[in-house]
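Protein chains: 2
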Amino acid sequence: MQQLLKKMNSIVALNAEEETIVSGYWKEKTLKKGDFLLTNGAVCRTDNYVLQGSLKAYFIDPETGTEEIFYFAIEHWWATDIDSFQKQIPSRYNIQAIEDTKLLQITKESFEKMLLEVPRLERFFRIILESYLATLQRKIITNQIHDAKVRYLDFLKEYPLIAERFPNYLIASYLNISPEFLSRIRKK
Amino acid sequence: MQQLLKKMNSIVALNAEEETIVSGYWKEKTLKKGDFLLTNGAVCRTDNYVLQGSLKAYFIDPETGTEEIFYFAIEHWWATDIDSFQKQIPSRYNIQAIEDTKLLQITKESFEKMLLEVPRLERFFRIILESYLATLQRKIITNQIHDAKVRYLDFLKEYPLIAERFPNYLIASYLNISPEFLSRIRKK
DNA sequence: CGGATCGTTGATCAACTTCAACGGTCGTGG
DNA sequence: CCACGACCGTTGAAGTTGATCAACGATCCG
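Residue numbers (the numbering used here), protein chains in the order written: chain S, 109 to 296; chain A, 109 to 296.
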């Protein structure tokens, strides 16, 4: 919980009382490698903060059946379908643990209560959303502008740690390239 | 201004005093067709709410020089590079009026002051961000899953008004298709 | 009427996918 | 300690989607 409080404090500065309130709302949860946190069609009941481990968010191409990774979530980041969580509507995608993973979770009702008790956090979550948004925006732009090779090189530069942590076929999926083609790119 | 207040009230219910404060911060601005609201490399100084008209947000492919439309902004929506606005860093894209356009604008400093005076609005903007994010998410997913034909049909179903309001070459750019290929798709 | 602006059509071309096969490595059980 | 799969990356050949280039038409508007 300290990790999350620290992150919050880096943006909105909570006092001790607020920290206690907030801490009460989050529960720890463990996932084993391969466990699902969310599946397509289900409602995303909790907001999830990653303490340890990693997950992939992906959807299935209905024609080919292949998985298309949308984003990776690692330590200090979120693994939540925000749209599904906020509106409590079915999700369009899946979230699954790549490694053994430890999370902090909060349900939607608790989330709303927490915001009422600590309204300062509205600002925190607004700012978190902004960086999420910036990431998605960048993803769209680079996907459209650059060809597969440049996308891969960009990725290596931007996320060198992820690149070495995950197998290439996951990276390929994230970059929207077939594993075979990524392999050919890597030959240089 | 009434339009914007109404939108805010639909989410956070401001009282009369708050409405007056908020109203004081936003200024009206008019753009002629073709005018730029933001250009690549410049900092997005204002948050912009569209009262009337329409704009396109796009970036230029450095190799081919073609414009790739990222999103359209029409009445009741925003025409702001949020990442650039919030961090006051150079933008990666351009925003340009497609038609004569009327906006409400607020500078970053005013924006922050306004939030301090009316903290309730943190929630409003958080929720606005969430729908923005959901839109981007959907765009990424459909771009990856569907081929050009399905993307176009989806677009027609999702945004029939935009489809008839804008010329096809803009739609093509938004869908990440060449105008020629869109024309071939339309022959069916 | 003349020039933009936009859509269409045909021909060629490039990026990337798909399919199939193979090889290397690693962990597990006999 | 070896053998067997599972898992992952690589390679080759063929196939597709959609881009590009170039030309032509249609429409609109000053």
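Just so it is clear, CB atoms sit at the ideal spot from N, CA and C, and this is done for glycine as well. Note that this is a predicted model, so its numbers are computed, not measured.
Distance CB(residue i)-CB(residue j) smaller than 9 Å
i             : j             : result
residue 177/A : residue 187/A : no
residue 246/S : residue 284/S : no
residue 181/A : residue 158/A : yes
residue 248/S : residue 241/A : no
residue 205/S : residue 163/S : yes
residue 191/S : residue 238/A : yes
residue 226/S : residue 113/S : no
residue 201/S : residue 281/S : no
residue 147/A : residue 218/A : no
Min CB distance residue i to chain A below 9 Å
i             : result
residue 178/S : yes
residue 299/S : What is shown of chain S runs 109 to 296, which leaves residue 299/S out entirely.
residue 157/S : no
residue 290/S : no
residue 187/S : no
residue 227/S : yes
residue 230/S : yes
residue 200/S : yes
residue 194/S : yes
residue 223/S : yes
Cross-chain neighbours of residue i in chain A, by beta carbon under 7 Å
i             : result
residue 233/S : 234
Endpoints, alpha helix (DSSP H) assigned at residue i
i             : result
residue 121/S : Unbroken run through residue 121/S: none, as it is neither H nor E.
residue 252/S : 228-253
residue 276/S : 276-283
residue 256/S : 256-266
residue 293/A : 287-294
residue 191/A : 190-195
Beta-carbon neighbours of residue i, restricted to chain A and to distances below 9 Å
i             : result
residue 167/S : 249, 252 and 253
residue 262/S : Under the 9 Å cutoff, chain A gives no residues; its nearest Cβ is about 13 Å from residue 262/S.
CB contact check: residue i to chain S, cutoff 9 Å
i             : result
residue 170/A : yes
residue 285/A : no
residue 259/A : no
Interface partners of residue i on chain S, CB under 8 Å
i             : result
residue 204/A : Under the 8 Å cutoff, chain S gives no residues; its nearest Cβ is about 16 Å from residue 204/A.
Residue i: contacting residues in chain S (beta-carbon distance under 7 Å)
i             : result
residue 190/A : 238 and 241
Contacts that residue i makes with chain A (C-beta to C-beta distance below 8 Å)
i             : result
residue 244/S : 241, 244, 245 and 248
Residue i - containing beta strand (DSSP E), residue span
i             : result
residue 221/S : No beta strand (DSSP E) contains residue 221/S, which is instead part of the alpha helix (DSSP H) from 216-225.
residue 299/A : This structure cannot speak to residue 299/A, because chain A is shown only from 109 to 296.
residue 205/A : 202-205
residue 162/A : 162-168
_Using 8 Å as the cut-off, can you tell me whether the stretch 137-149 of chain S makes contact with the stretch 207-218 of chain S, which would need three or more C-beta pairs spanning the two stretches below that distance?_
For the pair of segments examined, the stretch 137-149 of chain S was found to touch the stretch 207-218 of chain S: the number of CB pairs separated by less than 8 Å reaches three.
*Touching or not, the stretch 219-233 of chain S and the stretch 225-236 of chain A, by the rule of three or more beta carbon pairs under 8 Å?*
In this structure the stretch 219-233 of chain S lies against the stretch 225-236 of chain A, because at least three pairs of beta carbons, one per stretch, are closer than 8 Å.
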